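A.B. asks: Just so you know, the sequences run in chain order D and S. All residue numbers for the first sequence refer to our numbering, where the first residue is 1 and numbers rise by one. All residue numbers for the second sequence refer to our numbering, where the first residue is 228 and numbers rise by one. C-beta: ideal position from N, C-alpha, C; glycine also. Keep in mind it's a predicted model, so treat the numbers as computed, not measured.
There are 2 protein chains.
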Amino acid sequence: MRKIAVIGLGRFGIALARRLAQSGVQVIAIDRNQQLVNEIKDDVDLAVQLDATDRQALLSQDIDKVDVCVISIGENFEASLLTTVLAKQLKVPRIICRAQTALHAEIFQQIGADQVVQPEQEAGRHVARQLANPQLADVIPLSDDFSLVELKAPKVFHGKSIKSIGLRAGYQVNLVVIKRPQALAGDGESSTPPTRISVPRPDDVIQPDDVLVLVGANASLAELPKE
Amino acid sequence: MRKIAVIGLGRFGIALARRLAQSGVQVIAIDRNQQLVNEIKDDVDLAVQLDATDRQALLSQDIDKVDVCVISIGENFEASLLTTVLAKQLKVPRIICRAQTALHAEIFQQIGADQVVQPEQEAGRHVARQLANPQLADVIPLSDDFSLVELKAPKVFHGKSIKSIGLRAGYQVNLVVIKRPQALAGDGESSTPPTRISVPRPDDVIQPDDVLVLVGANASLAELPKE
Ligand SMILES: Nc1ncnc2c1ncn2[C@@H]1O[C@H](COP(=O)(O)OP(=O)(O)OP(=O)(O)O)[C@@H](O)[C@H]1O
Ligand SMILES: Nc1ncnc2c1ncn2[C@@H]1O[C@H](COP(=O)(O)OP(=O)(O)OP(=O)(O)O)[C@@H](O)[C@H]1O
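Structure, rendered in structure tokens:
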């Protein structure tokens, strides 16, 4: 079973540690703040209070034997750096660091981090993508040029069969699934009506509230009718 | 053209404002800290220093005329709340608030926010998904039961044509794209080798380093060979 150490129980570290534990990963959660350690100890395999810049303390908890070490010590950059260097010395196979800025991220990479996460910047870009394309419920980049998008079915597709629209030939995009909202439960208050997801067949007919999930090159996706 | 106000130029707000402006949205960026306003003014249509809890100041900048207002004032919860209430009073059609915790998020929703973002928690869960499924480069839930996953091509598929593997018939999953790494540039140091993405054709043959991007019901995806 995979063993992952999460060092630094800020909001990122705590959410990560809990979700990992729920997915069946063996988690050791570390922070120098006893209160945070107490908060999480029922959710993970092991929660320990220690100063992560102390090599002996890390060894005493077998940090040299984990598969992945996530270092999410936020504001204390020096502690974050020192801990990363120690994890590298202890030959942890994969080290992930949470960085405050692009410059911090660059430094973590130079001292050997395998992956750097910048939650705020990544969220800012993610929300920007959603807002810049309001008819697209979501845009997930698969690479620099390809994305997965969710598009409310444009009027010009309503009532047409998928075969007749010819998305692959005409638009060079791949229709991956159709999300069709079901009747709302009584109160109409719930923010997300239940939807039925299906893998599209050629004879399926597109209905007005369908959401089409499509994959293709960004340039091709931009050609789709918006309305 | 859509007009979006971003109030609070922390890391989330700045990344959001810049990416929106790059996508052709008209952005007004607001902060009470002049230095941050100066930092972003070349990247957006309008950058203004003001206290967002001041109703007159907001009106003077036509915040009542924007399509979306994003309130990303972080640590000052009271200011964040007051600004949200003001935006609601000014009848801004869509209000997005950045929250520090689930409890803060709940409060924003109760006072009328249309969407609440928690970057650190969302990033924690996202990284947890990646780490919990190491053979899957990424798992993106499309609904409670359907996901998009990236799977390193299992050995049993190497050298076989897509048609012969019969993913749709045999596994009920839809192969959406294939990512094929290209030769690495000289130093081998770059963390993500260039990949060529292609929409699969029936006669394409799967190669050992291919990454298959698949969509299907979670139960079907779990049936795929892992190795
Ligand atoms: N030397 C250290 N050893 C162990 N834990 C540490 C050390 N220094 C700081 N920490 C812990 O790191 C945690 C995260 O730090 P902090 O809250 O500054 O980060 P943050 O980036 O604001 O977090 P987030 O944004 O994820 O909420 C804190 O709980 C803190 O106690
Ligand atoms: N009343 C106010 N009017 C306008 N701006 C404000 C007000 N109060 C705070 N701000 C601004 O909000 C910005 C973001 O706040 P802060 O840096 O505390 O958030 P944060 O959540 O830590 O940001 P991030 O995590 O996105 O970096 C700051 O630049 C601050 O100047």
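1) Per DSSP, what kind of secondary structure is Asn303/S in: helix, strand or coil?
2) Have a look at Pro154/D, Asn76/D, Ile40/D and Gln109/D and flag the residue whose alpha-carbon is nearest the alpha-carbon of Val27/D.
3) Using a cut-off of 8 Å between C-beta atoms, extract the partners of Asn38/D located in chain S.
4) Using a Cβ-Cβ cut-off of 8 Å, state whether Gly159/D counts as contacting chain S.
5) Going by beta-carbon coordinates alone, are Ser72/D and Gly170/D separated by less than 8 Å?
6) Kindly say whether Leu236/S, judged by its beta-carbon, lies nearer than 8 Å to any beta-carbon of chain D.
7) In terms of alpha-carbon separation, which member of Val6/D, Gln121/D and Arg125/D lies closest to Val66/D?
8) Would you say Glu228/D reaches chain S, if we count a Cβ-Cβ gap shorter than 8 Å as a contact?
9) For Ile338/S, I'd like the list of residues in its chain whose CB is within less than 8 Å of its CB, leaving aside the five on either flank, ordered along the chain.
10) Mind the definition here: the stretch 195 to 212 of chain D touches the stretch 146 to 158 of chain D only if three or more C-beta pairs lie below 8 Å; say whether that holds.
11) Work out the CA separation of Asp42/D and Ala128/D for me, nearest whole Å.
12) Helix, strand or coil: which one does DSSP assign to Ile111/D?
13) Buried or exposed: where does Leu58/D fall if 16 or more other Cβ atoms within 10 Å of its Cβ makes it buried?
14) For chain S, check one thing: does any of its Cβ atoms lie closer than 8 Å to the Cβ of Asn174/D?
15) What are the boundary residues of the alpha helix (DSSP H) that includes Ile28/D?
16) With DSSP as the reference, label Ile290/S as helix, strand or coil.
17) Any heavy atom of ligand 2 within a distance shorter than 7 Å of the CB on Ala306/S?
18) Is Glu150/D buried or exposed, if buried means 16 or more other CB atoms sit within 10 Å of its CB?
19) Relative to the C-alpha of Pro320/S, which residue among Pro429/S, Arg229/S and Leu448/S is closest?
20) Kindly indicate if chain D contains any beta-carbon less than 8 Å away from that of Ser374/S.
21) By DSSP, does Glu454/S sit in helix, in strand, or in coil?
22) Is the Cβ-Cβ distance between Leu90/D and Ile63/D less than 8 Å?
23) Could you tell me the alpha carbon to alpha carbon distance between Pro200/D and Val404/S, rounded to whole angstroms?
24) Excluding the 5 residues preceding and the 5 following Phe373/S in the sequence, name in chain order all residues of the same chain whose CB lies nearer than 8 Å to its CB.
25) In the DSSP output, what is Leu394/S paired with across the bridge?
26) Give me the Cβ distance between Gly10/D and Glu347/S, rounded to the nearest whole Å; I'm assuming they're in contact under 8 Å.
27) For the candidate residues Val343/S, His353/S, Asp341/S and Asn303/S, whose alpha-carbon lies nearest to that of Gln118/D?
28) Is it buried or exposed, Ser447/S, if we count other Cβ atoms within 10 angstroms and call 16 or more buried?
29) Do the CB positions of Ile96/D and Gln115/D come within less than 8 Å of each other?
30) Is the beta carbon of Gly301/S sitting closer than 8 Å to the one on Ala15/D?
31) Nearest to Glu450/S by CA position, among Phe239/S, Pro408/S and Val400/S, is which residue?
32) Quick check on Pro181/D - is its C-beta less than 8 Å from some C-beta in chain S?
33) In or out: Leu358/S buried (at least 16 other Cβ within 10 Å) or exposed?
34) Given that a residue counts as buried once 16 or more other Cβ atoms are within 10 Å of its Cβ, and exposed if not, what is Lys406/S?
C.D. replies: Result, derived from the coordinates:
1) coil
2) Cα-wise, what sits closest to Val27/D is Ile40/D.
3) By Cβ distance, chain S contributes nothing, its closest Cβ being about 17 Å from Asn38/D, past 8 Å.
4) For Gly159/D, the closest Cβ of chain S is not nearer than 8 Å.
5) no
6) no
7) Val6/D
8) This structure leaves residue 228/D out entirely; chain D is present only between 1 and 227.
9) Leu308, Thr311, Val312 and Lys315
10) At 8 Å Cβ cutoff, the stretches touch.
11) 37 Å
12) coil
13) buried
14) yes
15) For Ile28/D, there is no enclosing alpha helix (DSSP H); the enclosing beta strand (DSSP E) has its first and last residue at Gln26 to Asp31.
16) helix
17) Indeed, a heavy atom of ligand 2 lies less than 7 Å from the Cβ.
18) buried
19) Minimum Cα distance to Pro320/S is reached at Arg229/S.
20) no
21) coil
22) yes
23) 16 Å
24) Val442, Gly443, Ala444 and Asn445
25) Partner(s): none; Leu394/S has no beta bridge.
26) About 7 Å; that satisfies the 8 Å criterion.
27) His353/S
28) buried
29) yes
30) The beta carbons of Gly301/S and Ala15/D sit no closer together than 8 Å.
31) Val400/S
32) no
33) buried
34) buried
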